[in-house]
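Peer 1: In our numbering, the protein residues as written are 73 to 289.
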Amino acid sequence: MKFIKQALITAALCFSSVANASFVNFDDYTFSSWGNQTKTGTQIVSDNGSTVTISGNRWVDILHGVTLTSSSILKFTIEATGLNAELYGIGFETDDTYTYGSIDNFVFVGGTQIAKITRENPLTAFGSYASGDGAVDFTIDVGSYITGLFDRMVFVLDNDKNQSGSFVSFSNVQVCDNALVCQTLDFGSTPVSEPTHLGLLAMALMVIYSSRRKKMI
């Protein structure tokens, strides 16, 4: 009876959590200008959907649903060329409305105005990346300050002063439930399967059963 009770508790724990980690395949989405912030430029998807390259002065979004919890991780690679833009970043939103100063759901990693962001919205500043720094990988504990349900991701190349001549690529973008489940494979590789709920339950039952047998011997 005690064994059955342990099994039921373990099953409840297994079915109460879901672990997700996935790359954003840009080929699966249509891009839209976000928040009236797009003034010039274009976006081009390449590398079988793993990369989007934005030019000009452009904030664009895709309807990619995300649930961020306190343990969520955001991973991506950024590479900027041409004129150093004012801001490079990624945001999580639920609408198409931009209000000046309301950038609490954004992650900014560089640009000429990153010092201003650091002063006014310190929780949204995560680096000092500048054009010409090459391809740089970022792993950000985004859940430490952004949580909730979001229906879109926003990609930012902000350069109001020079509205042409700036370029940025976002590649291998991932949102993971926690650091343990973040994929380490290259985009397009066969993903490593996470244990299913039934798999987790089976493993837990095996551990409990093994423990019982040791006590009985």
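We put the beta carbon where it would ideally sit given N, CA and C, even for glycine. Here the structure is a predicted model, which means the values were calculated and not measured.
Measuring alpha carbon to alpha carbon, tell me which of Thr211, Asp209, Asp249 and Ser238 ends up nearest Gln115.
Peer 2: Considering only alpha carbons, the answer is Ser238.
Peer 1: Need the endpoints of the alpha helix (DSSP H) that Ile189 sits in, please.
Peer 2: That run of the alpha helix (DSSP H) goes Ile186 to Glu192.
Peer 1: Taking the CB atoms as reference points, tell me whether Tyr101 and His136 lie closer together than 8 Å.
Peer 2: It is a contact, given that the beta carbons lie within the stated cut-off.
Peer 1: Indicate the three-state DSSP secondary structure (helix, strand or coil) for Phe148 in the structure shown.
Peer 2: If DSSP states are grouped into helix, strand and coil, Phe148 belongs with the strands.
Peer 1: Counting pairs of beta carbons, one from the stretch 108-122 and one from the stretch 150-161, are three or more of them closer than 8 Å?
Peer 2: As far as the Cβ criterion goes, the stretch 108-122 does not touch the stretch 150-161, which means the pair count is below three.
Peer 1: Could you give the residue range of the beta strand (DSSP E) that holds Phe164?
Peer 2: Segment Leu159 to Glu165, the beta strand (DSSP E) holding Phe164.
Peer 1: Span of the beta strand (DSSP E) holding Asp230?
Peer 2: Run containing Asp230: Arg224 to Asp230, per the beta strand (DSSP E) assignment.
Peer 1: Under DSSP, the beta strand (DSSP E) around Gln235 begins and ends at which residues?
Peer 2: Gln235 -> no beta strand (DSSP E), and no H or E assigned at all.
Peer 1: Quick one: complete alpha helix (DSSP H) runs, 4+ long, within the stretch 98-151?
Peer 2: DSSP runs (the alpha helix (DSSP H)) wholly in the stretch 98-151: none.
Peer 1: For Ala251, does the count of other Cβ atoms within 10 angstroms reach 16, so buried, or fall short, so exposed?
Peer 2: Counting Cβ neighbours within 10 Å, Ala251 comes out exposed, since fewer than 16 surround it.
Peer 1: In this structure, does DSSP put Val247 in helix, strand or coil?
Peer 2: Val247: strand per DSSP, three-state reduction.
Peer 1: Between Cys254 and Thr149, what straight-line distance do the alpha-carbon atoms span, to the nearest angstrom?
Peer 2: Their Cα atoms are separated by approximately 14 Å.
Peer 1: For Arg130, is the classification buried or exposed, using 16 other Cβ atoms within 10 angstroms of its Cβ as the cut-off for buried?
Peer 2: Its Cβ being crowded by 16 or more others within 10 Å, Arg130 is buried.
Peer 1: Indicate whether the contact test is met: 3 or more Cβ pairs, each with one atom in the stretch 213-223 and one in the stretch 105-113, closer than 8 Å.
Peer 2: With a cut-off of 8 Å, the stretch 105-113 and the stretch 213-223 do not count as touching, because too few Cβ pairs lie within range.
Peer 1: If we call anything under 8 Å between Cβ atoms a contact, is Val138 one with Ser105?
Peer 2: No, the Cβ-Cβ distance between Val138 and Ser105 is not below 8 Å.
Peer 1: List the whole-angstrom C-beta distance separating Val226 from Phe198, where the pair is believed to meet the contact cut-off of C-beta under 8 Å.
Peer 2: Their Cβ separation, rounded to whole angstroms, is 15 Å, which puts Val226 and Phe198 out of contact at 8 Å.
Peer 1: From what residue to what residue does the beta strand (DSSP E) around Gly183 run?
Peer 2: No beta strand (DSSP E) holds Gly183; DSSP gives it neither H nor E.
Peer 1: Quick check: the Cα distance between Gly154 and Arg191, rounded to an integer number of angstroms?
Peer 2: Cα-Cα distance, rounded: 26 Å.
Peer 1: Please classify Leu155: does DSSP put it in a helix, a strand, or coil?
Peer 2: Leu155: coil per DSSP, three-state reduction.
Peer 1: Based on DSSP bridge pairs, tell me the residues matched to Phe198.
Peer 2: DSSP output for Phe198 lists no bridge partner at all.
Peer 1: Since Thr219 sits in a beta bridge, which residues does DSSP pair it with?
Peer 2: Answer is none; Thr219 lacks a bridge partner.
Peer 1: Give me, in chain order, the residues of the same chain whose beta-carbon lies closer than 7 Å to that of Gln235; leave out the 5 immediate sequence neighbours on both sides.
Peer 2: Closer than 7 Å at the Cβ level, and outside the excluded window around Gln235, lie Lys111, Thr112, Gly128 and Asn129.
Peer 1: Going by beta carbon distance, what residues of the same chain come within less than 7 Å of Lys77, once the five residues before and after it are set aside?
Peer 2: Caution is warranted here: a pLDDT of 43 is assigned to Lys77, below 50, making its placement in the model unreliable, and no coordinate value can be reported.
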